[in-house]
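Undergrad: Structure provided below as structure tokens; questions to follow.
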Amino acid sequence: MPPARWFSTILVILLAAVAVSGAARAQIASNNTYTIPGVEVDIDGADAVKARDQGILEAERRAAKMLVDKMVAPDDRSKVPPLDDARLQTMVRGVEFARERAAGNHYQATLNVVFAAAPVKAWLQEAGVGIAETIARPALLVPLWKDRDGVEPLDDHNAWRDAWQALDTSSSAVPLTVVRGDQLDQNALSVEEAYVGDVSALSRLNERYHAPTIIVATVEGDKNGGPLTVSGMRYDTQTGARTDLAKATVDNAQGLGDAAKKMHAALEEQWRSIAVVRRDSQASLEVTVPIRTLSDWVQIRQRLGSVPAVKNVAVRTLESDHADLRLDYYGTPEQLQQTLTQVGLQLDRDGDQWRLQAR
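Residues -26 to -1, 1 to 333 (mature numbering (1 follows the signal peptide of the UniProt record, and there is no 0)) make up the sequence shown, in order.
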């Protein structure tokens, strides 16, 4: 088969994969409620009944702030209007009690607060605040502990594994699954392969979990002393990108719970910079993608597929040296440029033509 024909055939196959992945990602289930789980309160009142009532109201107030953080992009949060208790009650559909304890006039509880979507959206839209949804991206977490004798087995039960298992990430932008560490996992990769970030071994492990992201989180130091060094590596199974996570030091094992929370918070913030979708506006762009080698297009296709704000990719023209595409996306062109930058793509305007290429 002539090289040009072989090249075009491969491109057609890859472009078809883009269309399928884009369509699947666009099917985001709509819902008429928003739930903020795990809101903790600890409050005193004049008596037991008033303490409980005050605790529930405080949980609803905190949940409303957490909901704003989820729905509104950081640069728009200053526009969010004050929320009085009367307006708040029109939004709250119900409260679920995950844990509750009362003693005299003291009330402690962990509550799940459920909001009705329509009044929440109306409150924000009245103030001209754009609503942004953050698309969650699950991750597989591989916790490792390396001491002077080497890396502990995957199934080792230690304070680092316990810290991650105790962390509730179910409602976050990066919900985590902690690797089981059983014999099937150990057959897929060794702890040494995990420690050095062996991509092939991590891919074998992920055949069981099918996570779009793998996080290898490592503690180095003596289990019975300190200090301990915490570090990590994030592996994107969709784009193949690897990112080192910032190192931190804790005094001893008692600080690992906070270290896990901080590492997850950093992961969540990084993903939110890519995963925010502003559905209040939608547009299309005609773009040209220069193609020098087959790997150029493979890389761009993978990175486009990892951006939730890109609703659909349609191929207009396909040649051996370039592709003309139509991108359907949410937000503004400037917002799209910023988001694509986060995944290593550069979108520039040259006169009347938009050009997309890897940075």
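Just so you know, even glycine gets a beta-carbon here, dropped at the ideal spot from N, CA and C.
Quick caveat, the model's predicted, so the values are computed rather than measured.
Assign V54 to one of three DSSP states: helix, strand, or coil.
TA: coil
Undergrad: Take every Cβ of the region 293 to 307, pair it with every Cβ of the region 233 to 242, and state whether three or more of those distances are shorter than 8 Å.
TA: no
Undergrad: Can you give the Cα-Cα distance for T192 and V148, rounded to whole angstroms?
TA: For T192 and V148, the distance between alpha carbons rounds to 18 Å.
Undergrad: Report the start-end ranges of each alpha helix (DSSP H) in the region 124 to 204 that is 4 residues or longer and not cut off at the edges.
TA: 133 to 140, 157 to 162, 165 to 170, 173 to 183
Undergrad: Return helix, strand or coil for S255, following the three-state DSSP convention.
TA: coil
Undergrad: Along the chain, where does the alpha helix (DSSP H) that runs through I109 open and close?
TA: First-last for I109: undefined, no H or E at that position.
Undergrad: Where does the unbroken alpha helix (DSSP H) through G29 begin, and where does it stop?
TA: 22 to 45
Undergrad: Considering just the uninterrupted stretch of the beta strand (DSSP E) at E70, what are its terminal residues?
TA: 66 to 77
Undergrad: Please name the residue in S280, R246, S269, G305 whose C-alpha comes closest to that of S255.
TA: G305
Undergrad: Do A185 and L241 come within 7 Å of each other at the CB atom, strictly closer than that value?
TA: no
Undergrad: Would S269 be called buried (16 or more neighbouring beta carbons within 10 Å of its own) or exposed?
TA: exposed
Undergrad: In whole angstroms, give me the CA-to-CA distance for R277 and A257.
TA: 19 Å
Undergrad: Helix, strand or coil for V272? Go by DSSP, reduced to three states.
TA: helix
Undergrad: Mapping DSSP to helix, strand and coil, what is P307?
TA: helix
Undergrad: Touch check for the region 105 to 112 and the region 35 to 55: three-plus C-beta pairs under 8 Å?
TA: yes
Undergrad: If you run the structure through DSSP and keep just helix, strand and coil, what is Q212?
TA: The answer is coil: DSSP assigns Q212 none of H, G, I, E or B.
Undergrad: Taking just the CA atoms, how far does Y81 sit from L128?
TA: 40 Å
Undergrad: Excluding five sequence neighbours on each side, which residues of the same chain lie with their C-beta closer than 6 Å to the C-beta of V88?
TA: The residues T7, T9, R67, G68, in chain order, have a CB closer than 6 Å to that of V88 in the same chain once the five nearest residues on each side in sequence are set aside.
Undergrad: Closer than 6 Å by C-beta to R253: which residues in its own chain qualify, once you throw out the five before and the five after it? Chain order, please.
TA: Y304
Undergrad: Straight-line CA distance for G12 to P201?
TA: 31 Å
Undergrad: If I follow the unbroken beta strand (DSSP E) through I248, where does it start and stop?
TA: DSSP places I248 outside any beta strand (DSSP E); the residue lies instead in the alpha helix (DSSP H), whose first and last residues are 230 to 249.
Undergrad: By a C-beta neighbour count over all protein chains shown, 10 Å radius and 16 as the cutoff for buried, is E34 buried or exposed?
TA: With 16 or more other Cβ atoms within 10 Å, it is buried.
Undergrad: Is D49 helix, strand or coil by DSSP?
TA: helix
Undergrad: Taking 7 Å as the threshold (C-beta atoms), are T217 and T203 in contact?
TA: no
Undergrad: Locate the alpha helix (DSSP H) running through A91, then write down its first and last residues.
TA: From DSSP, the alpha helix (DSSP H) with A91 extends over 91 to 100.
Undergrad: Select from D123, W119, G279, N79 the residue whose C-alpha is nearest the C-alpha of Q28.
TA: Nearest option by C-alpha distance: N79.
Undergrad: For A92, which residues from the same chain have a beta carbon less than 8 Å from its beta carbon, with the 5 sequence-adjacent residues on both sides left out?
TA: N6
Undergrad: What residues are listed by DSSP as bridge partners for K120?
TA: According to DSSP, which records beta bridges pairwise, K120 is partnered with V125, E194.
Undergrad: Alpha carbon to alpha carbon, how far is E100 from W271?
TA: 43 Å
Undergrad: Where does T313 land, buried or exposed, given buried means 16+ other C-beta within 10 angstroms?
TA: buried
Undergrad: Take A110 as the anchor and find which of V317, L301, A288, S280 has the nearest alpha-carbon.
TA: Closest option to A110, Cα to Cα, is S280.
Undergrad: When DSSP labels each residue in this structure, what does residue 335 get in the three-state scheme?
TA: This structure cannot speak to residue 335, because the chain is shown only from -26 to 333.
Undergrad: Look up A332 in the DSSP assignment and say whether it is helix, strand or coil.
TA: Under the three-state reduction of DSSP, A332 is assigned to strand.
Undergrad: Rounded to whole angstroms, what's the CA-CA distance from V152 to I189? Just pull it up for me.
TA: The alpha-carbon atoms of V152 and I189 are separated by roughly 10 Å.
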